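One structure is given here, and the rest of the page talks about it.
There are 2 protein chains.
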Amino acid sequence: MVTLAEVAQHAGVSASTVSYVLSGKRSISVSTRRRVERSIRELGYHPNAGARALASSRSNIIALMVPLRTDMYVPVMMEIAIAVATTARTHGYDVLLLTGEEGPDAVRRVAGSGLADGMILMDVELDDGRLPLLRETDRPAVLIGLPADTTGLTCVDLDFKATGALCVEHLAERGHHDIAVIGEAPAVYERHTGFAERTLDGLRGRARELGLRLLHRPCEGGYDAMAVTLARILDERPGTTGFVVQNESAVEPLLALLRQQGRAVPEDVSVVAICPEQVAVQASVRLTSVAVPAQETGRLAVEQLVARLGGRGGDEIVLIAPELTVRASSGPAPAP
Amino acid sequence: MVTLAEVAQHAGVSASTVSYVLSGKRSISVSTRRRVERSIRELGYHPNAGARALASSRSNIIALMVPLRTDMYVPVMMEIAIAVATTARTHGYDVLLLTGEEGPDAVRRVAGSGLADGMILMDVELDDGRLPLLRETDRPAVLIGLPADTTGLTCVDLDFKATGALCVEHLAERGHHDIAVIGEAPAVYERHTGFAERTLDGLRGRARELGLRLLHRPCEGGYDAMAVTLARILDERPGTTGFVVQNESAVEPLLALLRQQGRAVPEDVSVVAICPEQVAVQASVRLTSVAVPAQETGRLAVEQLVARLGGRGGDEIVLIAPELTVRASSGPAPAP
DNA sequence: GAGGGGCGTCGAAGCGCTTCGACACCCCTT
DNA sequence: AAGGGGTGTCGAAGCGCTTCGACGCCCCTC
Numbered sequence: 005m006v007t008l009a010e011v012a013q014h015a016g017v018s019a020s021t022v023s024y025v026l027s028g029k030r031s032i033s034v035s036t037r038r039r040v041e042r043s044i045r046e047l048g049y050h051p052n053a054g055a056r057a058l059a060s061s062r063s064n065i066i067a068l069m070v071p072l073r074t075d076m077y078v079p080v081m082m083e084i085a086i087a088v089a090t091t092a093r094t095h096g097y098d099v100l101l102l103t104g105e106e107g108p109d110a111v112r113r114v115a116g117s118g119l120a121d122g123m124i125l126m127d128v129e130l131d132d133g134r135l136p137l138l139r140e141t142d143r144p145a146v147l148i149g150l151p152a153d154t155t156g157l158t159c160v161d162l163d164f165k166a167t168g169a170l171c172v173e174h175l176a177e178r179g180h181h182d183i184a185v186i187g188e189a190p191a192v193y194e195r196h197t198g199f200a201e202r203t204l205d206g207l208r209g210r211a212r213e214l215g216l217r218l219l220h221r222p223c224e225g226g227y228d229a230m231a232v233t234l235a236r237i238l239d240e241r242p243g244t245t246g247f248v249v250q251n252e253s254a255v256e257p258l259l260a261l262l263r264q265q266g267r268a269v270p271e272d273v274s275v276v277a278i279c280p281e282q283v284a285v286q287a288s289v290r291l292t293s294v295a296v297p298a299q300e301t302g303r304l305a306v307e308q309l310v311a312r313l314g315g316r317g318g319d320e321i322v323l324i325a326p327e328l329t330v331r332a333s334s335g336p337a338p339a340p
Numbered sequence: 005m006v007t008l009a010e011v012a013q014h015a016g017v018s019a020s021t022v023s024y025v026l027s028g029k030r031s032i033s034v035s036t037r038r039r040v041e042r043s044i045r046e047l048g049y050h051p052n053a054g055a056r057a058l059a060s061s062r063s064n065i066i067a068l069m070v071p072l073r074t075d076m077y078v079p080v081m082m083e084i085a086i087a088v089a090t091t092a093r094t095h096g097y098d099v100l101l102l103t104g105e106e107g108p109d110a111v112r113r114v115a116g117s118g119l120a121d122g123m124i125l126m127d128v129e130l131d132d133g134r135l136p137l138l139r140e141t142d143r144p145a146v147l148i149g150l151p152a153d154t155t156g157l158t159c160v161d162l163d164f165k166a167t168g169a170l171c172v173e174h175l176a177e178r179g180h181h182d183i184a185v186i187g188e189a190p191a192v193y194e195r196h197t198g199f200a201e202r203t204l205d206g207l208r209g210r211a212r213e214l215g216l217r218l219l220h221r222p223c224e225g226g227y228d229a230m231a232v233t234l235a236r237i238l239d240e241r242p243g244t245t246g247f248v249v250q251n252e253s254a255v256e257p258l259l260a261l262l263r264q265q266g267r268a269v270p271e272d273v274s275v276v277a278i279c280p281e282q283v284a285v286q287a288s289v290r291l292t293s294v295a296v297p298a299q300e301t302g303r304l305a306v307e308q309l310v311a312r313l314g315g316r317g318g319d320e321i322v323l324i325a326p327e328l329t330v331r332a333s334s335g336p337a338p339a340p
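If you're matching them up, the sequences are chains A and B in order.
This note's numbering numbers the first residue of the first sequence as 5 and each following residue consecutively.
This note's numbering numbers the first residue of the second sequence as 5 and each following residue consecutively.
Following this line, the structure appears as structure tokens:
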């Protein structure tokens, strides 16, 4: 391995000069800089990460903690993770992938060992066990998701409350009065994942304001579960003409079942989904949807964290405004 | 931050003794070990990763390069990534997440800087640009996928050729003669991703041996593409009774279209999928399938790499034997 | 022409750990 | 009783980099 000292010797300067060329923390004459850069190129020099971390006590690594669960829609996680990784690189950071498996201890280990300069946590629960540990460490952290107590923490998330409201508004505008919400799996509500509850708040709040009837039913993904759920809904509220779906793996089953029952979309019933763009476009009926902005979320999380790491304070809470795209799955309510 | 020296002082021993307690590289008396361990606990000591890496020239980090593409089935990638991360932890390694974005340079950067001790590459193409660089570095690497030239590289993958053969055999045993293969998107074949071509080899080879007719059609995911593809297939080979699908996002559309056309599964046509277990089970018809063993793949890749890192040579090529699970989507061919 | 202030460069002191050789000590053997 | 071989511990020398203070030089100002 080529070292700084060798580069310095090759360029005929001192080691510190090479270091300053690399970091730009002191001014260097153009001629010297060029000479050094040339040596770096010719020798194929790469600074040693460990030595750098030791001397500067910054590792230039961001830790990303992904959940271990598989009951969440995985592509979204992946998209966020990839957005985090690529955005991090543009700021000179690498990303360490931590799974939930290790539990809260991972926070202590990574912070304590100086492995990472900061962390990003995905799938944060309302009362997340990692938060106290996070507050103890001096390292900055950004949460993707919104816990109950956000003091001292930066959070990034889609504004799910506004999302819920937006879906209801859309259906209301088209004259629907009876709306059913196909929610996430019951387990998601049971562990109080914030986004699911906040969506529900938004849905219910706006429904009340607009005088609509709203029925909420959690639903595991898949055909069988969806069939049961749908039957129950139509039994309780036969007049339901609007659906809001917030469970990607229930989308296609719902469409299939409606078709099977002879209920045309959007002529008889309208469906609004809260899901990634791709799902909405690739579904058997192109779905009117509010997109879950995975990339945007990952990017913002990194940018907040980098701001914090650079001493610039970021915002406390960054809520991404929802956008509803009208496609083929929603239309005016049928005449009664 | 607590340092080794502070622990040593607290325990009344020298720094090197603490280091040896931690690494176990020299024998330490039980009493001393206990005293040191106690101090470590009481002070909440975590070894500094940078210092460690510098002194030992091993970072205890594995780099995982995931593809940037989104035309592959993402959940599989995610599952592999998570399996890699958790398996790595059990061997004392952390995982650095690299995206394809940075390109082959990432290999040079990570190897050159000593950031990672070894790498795992996902979605390796037959003639992958990263391979020459990989061979240049002294760091061991494991590929997930099988390139054309494997000299000097360790590879882990499902045995896709055997997988293809297995699918054909299954259909042949049930009396099907005309088989259609719904393949991955054309782009996947165009960039010569090995697994797709090897599957095809296996399918074709066995079909020839068993005297079956085989039609292969690449297919983008989604309903529209699938509709076109299916129409073409049935046009060319109206007698087709067996389908092999190797594109997760074509599975559900295919089932829906068959249903729509009044072709019952499995009474009229049989469908065999090559997909993750979860997709097979959650589909609208429970699918006879060969599982893509994502977790197993990730785990094996890490174990191969760790073996290499520990000086033990691993195998050159590890092919996972396919397993076909019979479910509800395949049955005897209909009488002609 | 002396003093002041940038600018560009250097030397040296660590950063916190691993690891090697040295050595003290004890228990056996002869 | 002397020698030999473990065993357990220590001290010191780095690992390759960053960073701080120092210093020489040149240009400007009064």
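Just so you know, even glycine gets a beta-carbon here, dropped at the ideal spot from N, CA and C.
Note that this is a predicted model, so its numbers are computed, not measured.
Could you check if M82 (chain A) is buried or exposed, using at least 16 other CB atoms within 10 Å of its CB as the buried criterion? Numbered from 1 along the first sequence, position 78 holds the residue referred to as residue 82 (chain A). Buried: at least 16 other Cβ atoms inside 10 Å.
Can you pull the chain A neighbours of V111 (chain B), defined as C-beta to C-beta under 9 Å? The count along the second sequence starts at 1 and reaches residue 111 (chain B) at position 107. Simply none; closest approach about 11 Å.
S274 (chain B) - partner residues in DSSP beta bridges: Residue 274 (chain B) sits at position 270 when you count from the first residue of the second sequence. Answer is B:G246, bridged to S274 (chain B).
Is DSSP giving D319 (chain B) helix, strand or coil here? Taking the first residue of the second sequence as 1, we reach residue 319 (chain B) at position 315. Three-state result, D319 (chain B): coil.
Kindly list, in the order they appear in chain A, the residues whose Cβ is closer than 8 Å to that of L100 (chain B). Numbered from 1 along the second sequence, position 96 holds the residue referred to as residue 100 (chain B). I65, D98, V99, L100 and L101, listed in chain order.
Quick check: what's the CA-CA separation for V334 (chain A) versus V269 (chain A)? Locating residue 334 (chain A) in the first sequence gives position 330, counting from the first residue. Locating residue 269 (chain A) in the first sequence gives position 265, counting from the first residue. For the sequence presented, residue 334 (chain A) should be read as Ser rather than Val. Whole-angstrom Cα-Cα distance: 7 Å.
C-beta atoms of E46 (chain A) and V25 (chain A) nearer than 8 Å: For the purposes of this step, residue 46 (chain A) is taken as residue 42 along the first sequence, with counting starting at 1. For the purposes of this step, residue 25 (chain A) is taken as residue 21 along the first sequence, with counting starting at 1. Result no, Cβ atoms of E46 (chain A) and V25 (chain A) do not sit closer than 8 Å.
Taking the beta strand (DSSP E) that M123 (chain A) falls in, what are its first and last residues? As a first step, residue 123 (chain A) must be located in the first sequence, where it is residue number 119. Residues G122 to L125.
Any idea if Q286 (chain B) is buried or exposed, counting beta-carbon neighbours within 10 angstroms, 16 or more meaning buried? For the purposes of this step, residue 286 (chain B) is taken as the residue at position 282 of the second sequence. Q286 (chain B) should be labelled buried.
Range covered by the beta strand (DSSP E) that runs through H373 (chain A): No answer is possible for residue 373 (chain A): it lies beyond the span of chain A, which begins at 5 and ends at 340.
If you run the structure through DSSP and keep just helix, strand and coil, what is V294 (chain B)? Sequence index remark: in the second sequence, residue 294 (chain B) carries index 290 (1-based). Of the three classes helix, strand and coil, the one that applies to V294 (chain B) here is strand, per DSSP.
Name the two residues that bound the continuous alpha helix (DSSP H) containing A55 (chain A). Numbered from its first residue, the first sequence carries residue 55 (chain A) at position 51. Run containing A55 (chain A): A53 to S60, per the alpha helix (DSSP H) assignment.
Contiguous beta strand (DSSP E) assignments of at least 3 residues, all confined to the stretch 161-215 of chain A: 182-186
Give a yes or no on whether the C-beta atoms belonging to I66 (chain B) and D121 (chain B) are separated by under 8 Å. On the second sequence, residue 66 (chain B) is found 62 positions in, with the first residue counted as 1. On the second sequence, residue 121 (chain B) is found 117 positions in, with the first residue counted as 1. Taking 8 Å as the Cβ cut-off, I66 (chain B) and D121 (chain B) qualify as a contacting pair.
Beta carbon proximity, Q286 (chain A) to chain B, threshold 8 Å: Locating residue 286 (chain A) in the first sequence gives position 282, where the first residue counts as 1. Yes, Q286 (chain A) counts as interfacial toward chain B.
A145 (chain B) (DSSP reduced to helix, strand or coil): For the purposes of this step, residue 145 (chain B) is taken as residue 141 along the second sequence, with counting starting at 1. In this structure, A145 (chain B) counts as strand in the three-state DSSP scheme.
Within 10 angstroms of the Cβ of E256 (chain A), are there 16 or more other Cβ atoms? Answer buried if so, exposed if not. The sequence position of residue 256 (chain A) within the first sequence is 252, counting from 1. With 16 or more other Cβ atoms within 10 Å, it is buried.
So, for I32 (chain B): in the same chain, excluding its five sequence neighbours on each side, which residues have a beta-carbon less than 6 Å away from its beta-carbon? As a position in the second sequence, residue 32 (chain B) is number 28, starting the count at 1. Correct list, in chain order: Y24 and V25.
Can you tell me the Cα-Cα spacing of A305 (chain A) and V330 (chain B), whole angstroms? Numbered from its first residue, the first sequence carries residue 305 (chain A) at position 301. Numbered from its first residue, the second sequence carries residue 330 (chain B) at position 326. Cα-Cα distance, rounded: 44 Å.
Which stretch, first to last residue, makes up the alpha helix (DSSP H) that contains L238 (chain B)? Numbered from 1 along the second sequence, position 234 holds the residue referred to as residue 238 (chain B). Per DSSP, L238 (chain B) belongs to the alpha helix (DSSP H) from Y227 to E240.
List the residues of chain B whose Cβ lies closer than 7 Å to the Cβ of S117 (chain A), in chain order. Counting from one through the first sequence, the residue named residue 117 (chain A) turns up at place 113. Correct list: H50, P51, N52 and A53.
Unbroken beta strand (DSSP E) run spanning V99 (chain B), endpoints: As a first step, residue 99 (chain B) must be located in the second sequence, where it is residue number 95. Here the beta strand (DSSP E) through V99 (chain B) covers D98 to T103.
Residue-level contact to chain B via CB, G226 (chain A), 8 Å cutoff: By one-based count along the first sequence, residue 226 (chain A) stands at place 222. Yes, contact with chain B.
How about V160 (chain B) and L137 (chain B): are their beta carbons less than 8 Å apart? Numbered from 1 along the second sequence, position 156 holds the residue referred to as residue 160 (chain B). Numbered from 1 along the second sequence, position 133 holds the residue referred to as residue 137 (chain B). No.
Cross-strand partners of T158 (chain A) (DSSP beta bridge): Here residue 158 (chain A) is taken as the residue at index 154 of the first sequence, counted from 1. Paired residue(s): A:V146.
Under 8 Å: do the stretch 204-220 of chain B and the stretch 167-185 of chain B share three or more Cβ pairs, one atom per stretch? yes
Who are the Cβ neighbours of R241 (chain A) in its own chain at under 6 Å, not counting the five residues just before and after it? Locating residue 241 (chain A) in the first sequence gives position 237, where the first residue counts as 1. Around R241 (chain A): D182 and L219.
List the residues of chain B whose Cβ lies closer than 7 Å to the Cβ of M82 (chain A), in chain order. Within the first sequence, numbered from 1, the residue matching residue 82 (chain A) stands at position 78. Going along chain B in sequence order, the residues near M82 (chain A) (Cβ under 7 Å) are V78, M81 and M82.
Quick one: give me the first and last residue of the alpha helix (DSSP H) that V22 (chain A) is part of. Position 18 of the first sequence, counted from the first residue, corresponds to residue 22 (chain A). Looking at the DSSP string, the run of the alpha helix (DSSP H) that includes V22 (chain A) is A19 to S27.
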